[in-house]
Structure formats: structure tokens, C-alpha cells
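Counting in my numbering, the sequence shown runs from -14 upward without gaps. Quick reminder that beta carbons are idealized off the backbone N, C-alpha and C, glycines included. This one's a predicted model, so the numbers in the text were calculated from it and none came from an experiment.
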Amino acid sequence: MRALVVRHAEQLADHQRRDRQRERADQVLLGRAFEALVRSVAEDDELDFALSPLRAQLMFTEPALRARLTITMEMLPRVAKALCEVYPELDPVSAGAAAGSFMGALATAGLVAQQQGASDQDVLTAGRRGIQIAVDGLSSLDDS
């Protein structure tokens, strides 16, 4: 009987180890996707990082820019739906929280760094840090 319990415990430990490895791979994949997003924004010649604080202020006060912000926010449910299609075990509410956490972490970390006068490279580093914080926090989705 004891041998059976030990074998079962070993099998359970192996299963948990494989699950953790898969979770880490998923987190790395999501992190890379958002790093690609950060790089694409950074390489856009139209963006002037020195004007980002002014751009943020205008986005919240000018009607046309507020409309663009609204469109961006309306995109998040589509991102959540896509996450559900890729990860069918993820429920829609959790997928929405995941999409929002990534986008919010990326945008806010980068904006704060810009407002503090950070260099373009430091803004990218801040965005990556925001993404990493979001990725680390998303591991809690498996507990729900």
C-alpha cells in the first residue's frame, strides 16, 4: 500500500512539474508577444517620445483623441476573445482581465517613465518591466 501511495505521489509531482513548465512557456510566449509590440511602437518614426506627456493629456481632453482612446479600449474584448480561442480553458472574464493587465501595465509603465524624463531605451525597459509584472501576476489565473 505504501509503495502505491509513493508511486501516486511521484506521478502527481511529475504532472505538476509538467504543468509548471507549460505555464512558464505560455508566460514566455505572451511576454515575447508584448515585447514585439513594445519594439514596434518604439520603432515607429511618427512617435516623438519627448511629447508623450502632452500626447497623454491631449488624449483625455480632445474629443477626437478621446474617441481614438475609446476605440483602443473597445479592442480589449477582441483581444480577450482571441485569448479564449487560443486557450480554451481560459474563461472570458479572466481573458479580459489578462488583456487589460498587459495593456495597462505596458502603457502605464512606459508613460510614467516618459513623464520622469527617461530615455527611449529606459521607456522600453519600463514597458518590459510592466509586462513582466503582468505576466507574473497572471500566473494566479491558474488558481481560479
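- Query: At what residues does the alpha helix (DSSP H) containing ASP75 begin and finish?
  - Reply: Sequence check: residue 75 is Leu here, not Asp. From DSSP, LEU75 is part of no alpha helix (DSSP H); its letter is neither H nor E.
- Query: Looking only at its own chain, which residues have a Cβ that is under 7 Å from the Cβ of PRO77, when we skip the five neighbours before and after it?
  - Reply: These residues qualify, in order along the chain: ALA65 and CYS69.
- Can you round the beta-carbon distance between ALA90 and GLY115 to whole angstroms, since I take them to be within the 8 Å contact cut? Yes, they are in contact, since the Cβ atoms of ALA90 and GLY115 sit about 4 Å apart, within 8 Å.
- Query: Where does ALA103 fall in DSSP's three states?
  - Reply: Looking at ALA103 - three-state DSSP - the assignment turns out to be coil, as it is neither helix nor strand.
- Quick one: is ALA82 buried, meaning 16 or more other Cβ sit within 10 Å of its Cβ, or exposed? With 16 or more other Cβ atoms inside 10 Å of its own Cβ, ALA82 counts as buried.
- Task: To the nearest angstrom, report how far apart ALA92 and LEU75 are at their CA atoms.
- Result: One C-alpha to the other measures close to 24 Å.
- Taking GLY122 and SER86 to be in contact with their CB atoms under 8 Å, please state how far apart those CB atoms are, rounded to whole angstroms. By a beta-carbon distance limit of 8 Å, GLY122 contacts SER86. Their separation comes to about 6 Å.
- Between the beta-carbon of VAL97 and the beta-carbon of ALA111, is there less than 8 Å? Yes, they are a contact pair.
- For GLU59, which three-state DSSP category applies? Three-state DSSP puts GLU59 in a helix.
- Is it right to say MET88 is buried, meaning 16 or more other beta carbons lie within 10 angstroms of its own, or is it exposed? Flag for MET88 reads buried.
- Query: What distance in whole Å lies between the Cβ atoms of PHE45 and ARG51, which are believed to be in contact at a cut-off of 8 Å?
  - Reply: Between PHE45 and ARG51 the Cβ distance is about 7 Å, and since that is below 8 Å, they are a contact.
- Three-state class that DSSP yields for GLU47 in the structure shown: Taken through DSSP and simplified to helix, strand or coil, GLU47 comes out as coil.
- Query: Alpha carbon to alpha carbon, how far is TYR72 from GLN42?
  - Reply: TYR72 and GLN42 have their C-alpha atoms spaced approximately 36 Å apart.
- Task: Would you tell me roughly how many angstroms separate the C-alpha atoms of ASP30 and ASP105, rounded to the nearest one?
- Result: Note that ASP30 has pLDDT 46, beneath the 50 cutoff, so the model's placement of it is unreliable and the number below is only indicative. As the crow flies, the alpha-carbon of ASP30 is around 12 Å from that of ASP105.
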